[in-house]
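Residue numbers (this note's numbering): 11 to 372.
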């Protein structure tokens with residue numbers, strides 16, 4: 011069973027109000043080749059935790075790197091808008107955006123031992139953002155890092171500051187990364203699989219630490235994960251990503267207890283880890299399409315077991331579904347099956363027209 015699934019009632023907290031991050035129609039890809047992230051729309055309000063969920067290779071980490079403008083070589087932001095606290099940042103020159111990176115928007119990477127520089131002490135690395143953005147004296151920076159280490163639960167902070175990454179456990183190294191990410195007091199923290207490769211006990215401690223820091227600082231968090239038990243423990247809202255697209259958004263309760271998209275339903279079925287009578291675990295059939303592949307209809311169609319039951323699988327294969335609102339405010343899913351009768355009828359007519367045109371051309 012998902013952690014806390016039957017007992018936690020997620021509600022938007024009183025301090026959740028103005029948007030800290032607004033992403034509209036963000037498309038990221040290889041110019042002249044295709045899109046890796048397609049028409050992405052997200053909003054995160056102050057004090058809110060939004061979980062971005064999906065399988066490996068769905069585009070979650072690329073989304074995070076795009077928001078930080080840290081894409082790999084050859085990949086560009088093709089179109090869209092990203093606003094941080096109301097200010098458009100995609101059009102900013104690199105030197106101006108560097109003032110945002112670390113100060114207004116920070117990122118917590120997975121695998122801290124990979125991200126930390128093995129040749130520098132952890133204290134020096136945790137204080138880098140302070141040095142760049144707040145221009146403190148060496149003594150002030152030292153005192154601030156000691157306090158940061160103490161705040162994130164690192165014992166004997168004065169001594170631990172002198173350690174190198176290889177001298178820290180995985181959990182302690184991740185606490186160093188959290189201290190570094192929060193050092194300049196950002197408005198938004200992007201946490202990319204922050205508990206990957208940590209044992210269960212340490213995972214819980216890191217999640218509790220992030221939630222405590224959110225409450226203390228009224229911090230907004232974009233939490234990237236494939237683990238729905240993590241989502242259940244900390245997130246206010248969830249966006250489900252499949253093959254470079256958001257296929258469903260809603261409150262945590264809505265997504266976990268009443269998912270509308272077939273992919274979300276399958277993810278939850280997998281995550282329950284309940285064997286059937288034969289002892290086998292459920293797995294989603296097939297494999298996701300390549301991110302750069304061009305698919306005319308629903309990108310989940312080849313793996314979907316709902317389309318055939320609906321009776322119009324040709325629509326799913328030929329016409330890309332829109333995001334359709336359902337349930338409470340902000341709850342929507344990219345699926346024809348859950349659309350209204352009018353929207354379904356319109357899609358069926360479009361598909362029939364295309365099929366008739368194809369036959370006439372043969």
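No residue lacks a Cβ here, since even glycine has one placed at the ideal position from N, Cα and C.
Would the beta-carbon of residue i fall within 8 Å of that of residue j?
i           : j           : result
residue 191 : residue 118 : yes
residue 227 : residue 202 : no
residue 55  : residue 28  : yes
residue 208 : residue 216 : yes
residue 220 : residue 231 : yes
residue 94  : residue 38  : no
residue 357 : residue 325 : yes
residue 250 : residue 63  : yes
residue 212 : residue 181 : yes
residue 241 : residue 262 : yes
residue 348 : residue 259 : no
residue 48  : residue 34  : no
residue 269 : residue 315 : no
residue 189 : residue 158 : yes
residue 150 : residue 141 : no
residue 248 : residue 61  : yes
residue 124 : residue 85  : no
residue 206 : residue 144 : no
Using the C-alpha atoms, what's the distance from residue j back to residue i?
i           : j           : result
residue 138 : residue 116 : 13 Å
residue 91  : residue 178 : 39 Å
residue 170 : residue 122 : 16 Å
residue 343 : residue 235 : 19 Å
residue 277 : residue 154 : 42 Å
residue 337 : residue 318 : 24 Å
residue 186 : residue 225 : 19 Å
residue 361 : residue 333 : 18 Å
residue 72  : residue 107 : 18 Å
residue 284 : residue 265 : Because residue 284 sits at a pLDDT of 49, beneath the cut-off of 50, its placement in the model cannot be relied upon, and the point is left open.
residue 223 : residue 193 : 12 Å
residue 82  : residue 43  : 15 Å
residue 65  : residue 330 : 21 Å
residue 291 : residue 280 : 7 Å
residue 243 : residue 359 : 44 Å
residue 57  : residue 321 : 43 Å
residue 307 : residue 238 : 27 Å
residue 146 : residue 297 : 51 Å
residue 96  : residue 366 : 47 Å
residue 100 : residue 36  : 10 Å
Since residue i sits in a beta bridge, which residues does DSSP pair it with?
i           : result
residue 235 : 63
residue 89  : 37
residue 250 : 63, 258
residue 202 : 234
residue 94  : 31, 97
residue 343 : 258, 334
residue 111 : 115
What span of residues does the beta strand (DSSP E) with residue i cover, start to end?
i           : result
residue 214 : Note, residue 214: premise wrong, no beta strand (DSSP E); alpha helix (DSSP H) at 210–227.
residue 55  : 44–55
Residue i and residue j look like a contact to me (Cβ under 8 Å); what is the Cβ gap, rounded to whole Å?
i           : j           : result
residue 30  : residue 197 : 5 Å
residue 253 : residue 299 : 5 Å
residue 174 : residue 103 : Not confirmed; about 35 Å, so no contact.
residue 309 : residue 364 : Not confirmed; about 18 Å, so no contact.
residue 327 : residue 313 : That pair is no contact at about 12 Å.
residue 301 : residue 69  : 6 Å
residue 184 : residue 204 : 7 Å
Just curious, the alpha helix (DSSP H) that residue i is in, first and last residue?
i           : result
residue 328 : 323–328
residue 117 : Premise fails: residue 117 lies in the beta strand (DSSP E), 115–118, not in any alpha helix (DSSP H).
residue 188 : 180–192
residue 39  : Looking at the DSSP string, residue 39 is not in any alpha helix (DSSP H); the run it does join, the beta strand (DSSP E), is 29–40.
residue 149 : 148–161
residue 75  : 70–77
residue 141 : 138–143
residue 297 : Premise fails: residue 297 is in no alpha helix (DSSP H) and is neither H nor E.
residue 280 : 272–281
Determine, for residue i, whether the minimum Cβ-Cβ distance to residues of chain B falls below 8 Å.
i           : result
residue 245 : In the structure shown, chain B cannot be found, because there is only a single protein chain.
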